[in-house]
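Engineer: Using the UniProt record's numbering, you'd call the opening residue of the sequence shown number 399 and step up by one each time. For each residue, glycine too, the CB sits at the ideal point set by N, CA and C.
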Amino acid sequence: AEADDQLIIDAGQKQFGATVCGSCGMIYSADSLEDNFQHTQFHQSFLDGIKFVGWKKERVVAEFWDGKIILVLPDDPKYAVKKAEDVRRLADNELGFQQVSLRCPSQAKTYLYVNSDGMVVGCLIAEHIRQGFRVLEQPVQTKDMTREDFMEHHRAWCCSTTPEKAICGVSRIWVFSLARRKGIATRMLDTVRNSFVYGSHLTKEEIAFSDPTPDGKLFATKYCEK
Ligand code: ACO
Ligand code: ZN
Numbered sequence: 399a400e401a402d403d404q405l406i407i408d409a410g411q412k413q414f415g416a417t418v419c420g421s422c423g424m425i426y427s428a429d430s431l432e433d434n435f436q437h438t439q440f441h442q443s444f445l446d447g448i449k450f451v452g453w454k455k456e457r458v459v460a461e462f463w464d465g466k467i468i469l470v471l472p473d474d475p476k477y478a479v480k481k482a483e484d485v486r487r488l489a490d491n492e493l494g495f496q497q498v499s500l501r502c503p504s505q506a507k508t509y510l511y512v513n514s515d516g517m518v519v520g521c522l523i524a525e526h527i528r529q530g531f532r533v534l535e536q537p538v539q540t541k542d543m544t545r546e547d548f549m550e551h552h553r554a555w556c557c558s559t560t561p562e563k564a565i566c567g568v569s570r571i572w573v574f575s576l577a578r579r580k581g582i583a584t585r586m587l588d589t590v591r592n593s594f595v596y597g598s599h600l601t602k603e604e605i606a607f608s609d610p611t612p613d614g615k616l617f618a619t620k621y622c623e624k
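1) So if DSSP puts V518 in a beta bridge, which residue, or which two residues, is it bridged to?
2) In terms of DSSP beta bridges, what is R570 paired with?
3) Along the chain, where does the alpha helix (DSSP H) containing I582 start, and where does it finish?
4) Looking only at C-alpha atoms, which of K624, K602, Q442 and D515 sits nearest to L488?
5) Using CA atoms only, rank isn't needed, just tell me which of F617, E525, L600 and G530 is closest to R578.
6) Out of V459, D464 and D484, which has the shortest C-alpha to C-alpha gap to S514?
7) Is W463 near the ligand GTP, judged by its Cβ being under 7 Å from some heavy atom?
8) With burial defined as no fewer than 16 other Cβ atoms inside 10 Å of the residue's Cβ, what is the status of V418: buried or exposed?
9) Ordered along the chain, which non-local residues of its own chain (more than five positions away) have a Cβ less than 6 Å from that of residue 375?
10) For A583 and S608, I'd like the C-alpha separation in whole angstroms.
11) Let's see if you can read the secondary structure: which residues bound the beta strand (DSSP E) around L469?
12) So is R553 buried or exposed if we call it buried at 16+ other beta carbons inside 10 Å?
13) Hey, E525 and S569: beta-carbon distance below 8 Å or not?
14) Using a threshold of 7 Å, is the CB atom of E599 nearer than that to any non-hydrogen atom of the ligand ZN?
15) Run through the DSSP bridge pairs and tell me what T601 is partnered with.
16) Smallest Cα separation from C566: which of M586, K466, G597 and Q529?
17) Along the chain, where does the alpha helix (DSSP H) containing Y426 start, and where does it finish?
18) Name the DSSP bridge partner or partners of Q505?
19) If you measure from the CB of E604, is any heavy atom of the ligand ACO nearer than 7 Å?
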């Protein structure tokens, strides 16, 4: 299916002259005045939003060859909390969240992935939760199935009805479009598991994703089977 989608996008790009901006990642039609205007509006505010100048006190929780992960807590200095909010807003904008407030903002932990060019290219928001519902994804044999069986499986595929104990809820995970598929989300989640509860290491089963998008499901499925 992925290859098919790609073909459609490529065909569309040729036809409508779609361009991907190499700095902000926005896909727009360079032939359209309206699109050019929207891109100009978006471009600078996005780059300002993800720009990271460095702080006097940074809670660095992991370091890599291409960047580092900084943890921001609700009681941190204002500039840190504001940066975390700015990045969350950019991520929400892309995810289509209508500026939903967090379940418990006073306890949310924000993990920011800062690359070596001083840009926040990843954001993960984690909250304490008591239980989660597992997304079940067994391959289902639909041949020779009664309608009742089908409905039952379909429902089961969406979500388990039995709550399971979880400790950490991931309410947002976002990676800058031009930095995807480089393991940034994986490294952020590994870091959450090591640092969310002081002095302990969370298993994959103790992490739950809230309302995952299609991208989020593909990533989570892959992450959990590793
Ligand atoms: N399609 C298929 N498989 C994927 C995808 C995808 N879009 N994204 C990740 N995977 C799988 C792959 O197997 C990948 O390994 P591979 O690249 O070696 O094949 C593996 O997951 C690990 O991927 P990462 O590189 O660690 O993930 P990435 O840094 O690209 O970030 C994310 C994934 C966060 C989902 C990113 O695509 C994104 O920001 N998407 C838009 C925002 C979004 O939808 N976020 C999830 C919202 S749900 C929530 O917030 C609770
Ligand atoms: Zn741009």
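Structural biologist: With the structure as the only source:
1) Secondary-structure assignment with DSSP links V518 through a beta bridge to V512.
2) I523
3) I582 to S593
4) Q442
5) F617
6) D464
7) The model on display carries the ligand ACO and the ligand ZN but not the ligand GTP.
8) Exposed is the call here.
9) Summary: the structure shown does not reach residue 375, with the chain confined to residues 399 through 624, and so no result is reported for it.
10) 15 Å
11) G465 to V470 is the extent of the beta strand (DSSP E) around L469.
12) Note on R553: pLDDT 43, under 50, position unreliable in the model; the coordinate value appears next. It counts as exposed.
13) yes
14) The sequence shown places His at residue 599, not Glu. Incorrect: H599 has no Cβ contact closer than 7 Å to the ligand ZN.
15) Looking at the DSSP assignment, T601 forms no beta bridge with any residue, so it has no partner.
16) Q529
17) First-last for Y426: I425 to S427, but that is the beta strand (DSSP E), not the alpha helix (DSSP H).
18) Beta-bridge pairing links Q505 to no other residue.
19) no
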